[in-house]
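Remarks on the structure that follows.
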DNA sequence: AATTATTTTTAGACAAAACTAAAAATTATA
DNA sequence: TATAATTTTTAGTTTTGTCTAAAAATAATT
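Now the structure itself:
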């Protein structure tokens with residue numbers, strides 16, 4: 002499997018699990034910043050290999066084989082992210098691009114040894130689940146901070162947007178995975194939130210709150 | 002820089018430092034298991050980029066820039082090998098192929114953090130020196146076991162051949178980096194050696210002895 | 001339902017890196 | 001030194017993955 006094939010599989014995986022349906026050629030092209038014609042070419046190739054279900058003009062989905070392959074790439078990506086943060090001291094906003102490269106290293110033995118070395122983590126530094134060596138994913142119960150009601154408490158367990166920009170904002174506000182957040186009130190005009198973290202009150206926009214996953218406590 | 006360009010640079014580096022002269026198109030082709038015509042194509046490309054000195058029919062050598070780039074690839078390769086052995090528990094005969102992939106990961110920050118994580122090692126698991134972040138190499142004094150004289154002692158500090166076959170043979174004989182070897186005698190007929198390791202006497206062929214580096218004690 | 005707009009595919013081209021086969025240059029040999 | 005052998009380069013293909021532009025299919029609108 003080439004790097005390019007792996008990147009397509011991964012993208013299709015993320016797009017289909019997000020919306021849980023078939024995904025369009027254009028959606029893939031947009032996500033991968035490439036042209037629809039290039040996508041069509043690759044879809045044919047992946048279909049020939051039995052990795053995707055593809056019918057012209059009808060969108061694509063992953064076959065079981067394709068889904069497992071995609072999960073293994075995601076597994077590698079997220080394990081390497083844990084390594085970068087836990088062992089090498091990178092911050093959570095720096096690891097994505099490097100993991101994009103490391104996820105293509107081919108050695109099952111390597112990734113399983115890395116898994117053990119990291120004590121078999123179940124989530125990456127952004128709170129996303131890490132598939133185990135059989136591809137199983139343990140989903141944790143979580144909801145968006147924006148969906149809480151007044152005076153509820155939540156533990157921050159993940160981020161929806163993993164952009165460096167957003168993560169650095171959270172660092173600045175001292176919000177991290179594990180932070181206990183109290184939902185104080187919502188401003189009806191702009192849906193901004195008043196919350197309390199680390200003993201400090203602060204106001205965050207609805208956009209911020211819609212990208213933070215919390216677990217109710 | 003592409004993977005392919007990096008592999009050529011690395012090969013030219015190894016071939017030129019071994020013989021300390023210009024290297025021929027055919028020598029590169031043989032080492033890389035490719036065709037001479039492919040090598041010619043790449044040499045032109047690398048020359049255009051200022052990484053090699055190349056004149057038609059005259060062989061090639063690395064420019065200063067090319068040499069530094071090659072050393073950085075070697076640095077990455079060897080640091081990853083240390084990681085695989087020291088942290089993940091791979092044996093020294095398993096790491097080469099994986100490091101061949103990892104050496105192409107592009108992030109200076111990553112490799113320097115890895116270097117620190119590993120406590121800035123100066124040699125890889127086969128005893129080969131690891132260039133520092135400026136490309137400097139500390140050469141250790143060493144000689145081939147086959148060059149010792151009777152009743153001299155040597156500490157095993159490296160292997161010339163790093164093939165899995167040879168390394169597994171050494172494991173079987175319980176010879177490792179750090180092993181103290183006493184040179185007992187040499188058989189004039191076939192140049193085989195009588196040595197003593199770990200308190201046990203054994204006979205090794207001249208081929209074996211010509212692939213083991215030792216430091217006199 | 002017919003027309004327009006959008007999406008998707010096809011056709012043909014290109015760059016990178018490999019190859020084969022033939023030509024050119026170098027080296028070795030008689 | 002002429003000729004033969006070897007090495008190296010050139011010329012022309014191939015494969016992978018991309019692109020543009022045009023054609024075909026689908027979706028949206030009047």
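Chains as they are written, first to last, in the working numbering: chain B, 2 to 218; chain D, 2 to 218. Virtual Cβ for every residue (Gly too), placed ideally from N, Cα, C. These numbers were taken from a predicted model, which means no experiment stands behind them.
Are the C-beta of residue i and some C-beta of chain B separated by less than 8 Å?
i, result
"residue 168 of chain D", "no"
"residue 119 of chain D", "no"
"residue 90 of chain D", "yes"
"residue 77 of chain D", "no"
Within 10 angstroms of its Cβ, does residue i collect 16 or more other Cβ (buried), or is it exposed?
i, result
"residue 95 of chain B", "buried"
"residue 141 of chain D", "exposed"
"residue 79 of chain D", "buried"
"residue 212 of chain D", "buried"
"residue 2 of chain D", "exposed"
"residue 91 of chain D", "buried"
"residue 72 of chain D", "buried"
"residue 19 of chain B", "exposed"
"residue 194 of chain B", "buried"
"residue 14 of chain B", "buried"
"residue 204 of chain D", "exposed"
"residue 214 of chain D", "buried"
"residue 116 of chain B", "buried"
"residue 200 of chain D", "exposed"
"residue 125 of chain B", "buried"
"residue 123 of chain D", "exposed"
"residue 16 of chain B", "buried"
"residue 44 of chain B", "buried"
"residue 47 of chain D", "buried"
"residue 40 of chain D", "buried"
"residue 259 of chain B", "This structure gives no information on residue 259 of chain B, because the portion of chain B shown stretches from 2 to 218."
"residue 139 of chain D", "exposed"
Alpha carbons only, please: which of the options is nearest the one belonging to residue i?
i, options, result
"residue 65 of chain B", "B:193, B:159 and B:135", "B:135"
"residue 51 of chain B", "B:10, B:153, B:82 and B:133", "B:10"
"residue 7 of chain B", "B:33, B:23, B:18 and B:160", "B:33"
"residue 49 of chain D", "D:67, D:58, D:36 and D:39", "D:67"
"residue 114 of chain D", "B:110, B:156, B:85 and B:100", "B:85"
"residue 202 of chain B", "B:69, B:176, B:118 and B:169", "B:176"
"residue 54 of chain B", "B:145, B:31, B:25 and B:98", "B:25"
"residue 149 of chain D", "D:121, D:196 and D:103", "D:196"
"residue 163 of chain B", "B:98, B:200, B:110 and B:40", "B:98"
"residue 208 of chain B", "B:198, B:160 and B:200", "B:160"
"residue 82 of chain B", "D:166, D:111 and D:89", "D:111"
"residue 167 of chain B", "B:38, B:107, B:206 and B:218", "B:206"
"residue 1 of chain B", "D:36, D:109, D:5 and D:103", "Residue 1 of chain B is absent from the model: chain B starts at 2 and stops at 218."
"residue 87 of chain D", "D:62, D:144, D:119 and D:57", "D:119"
"residue 170 of chain B", "B:139, B:210, B:44 and B:38", "B:210"
"residue 29 of chain D", "D:45, D:38, D:12 and D:42", "D:12"
"residue 192 of chain B", "B:174, B:146, B:62 and B:35", "B:146"
"residue 106 of chain B", "B:217, B:137, B:218 and B:4", "B:4"
"residue 58 of chain B", "B:93, B:27, B:172 and B:189", "B:27"
"residue 23 of chain D", "D:42, D:35, D:31 and D:61", "D:61"
"residue 93 of chain D", "D:198, D:172, D:187 and D:218", "D:172"
"residue 69 of chain D", "D:137, D:188 and D:178", "D:137"
Can you confirm whether residue i, when its beta carbon is compared against all beta carbons of chain D, has any partner nearer than 8 Å?
i, result
"residue 185 of chain B", "no"
Please confirm whether any heavy atom of the ligand COA lies closer than 7 Å to the CB of residue i.
i, result
"residue 201 of chain B", "In the structure on display, the ligand COA does not appear, and there are no ligands present to speak of."
Contact list for the region 93–112 of chain B against chain D, Cβ threshold 7 Å: Hits within the stretch, in order: 99, 102, 103, 106, 107, 108 and 111.
Near-chain D residues of the region 113–142 of chain B (beta-carbon distance less than 7 Å), N- to C-terminal order: Cβ contacts with chain D come from 114, 115 and 118.
Segment contact flag, the region 179–188 of chain B with the region 151–158 of chain B, C-beta cutoff 8 Å, min 3 pairs: Judged by pairs of C-beta atoms under 8 Å, the region 179–188 of chain B touches the region 151–158 of chain B, as three or more such pairs exist.
Evaluate contact between the region 70–77 of chain B and the region 119–134 of chain B, counting only Cβ atoms and requiring at least three cross-stretch pairs below 8 Å. Because the criterion of three Cβ pairs below 8 Å is met, the region 70–77 of chain B and the region 119–134 of chain B touch.
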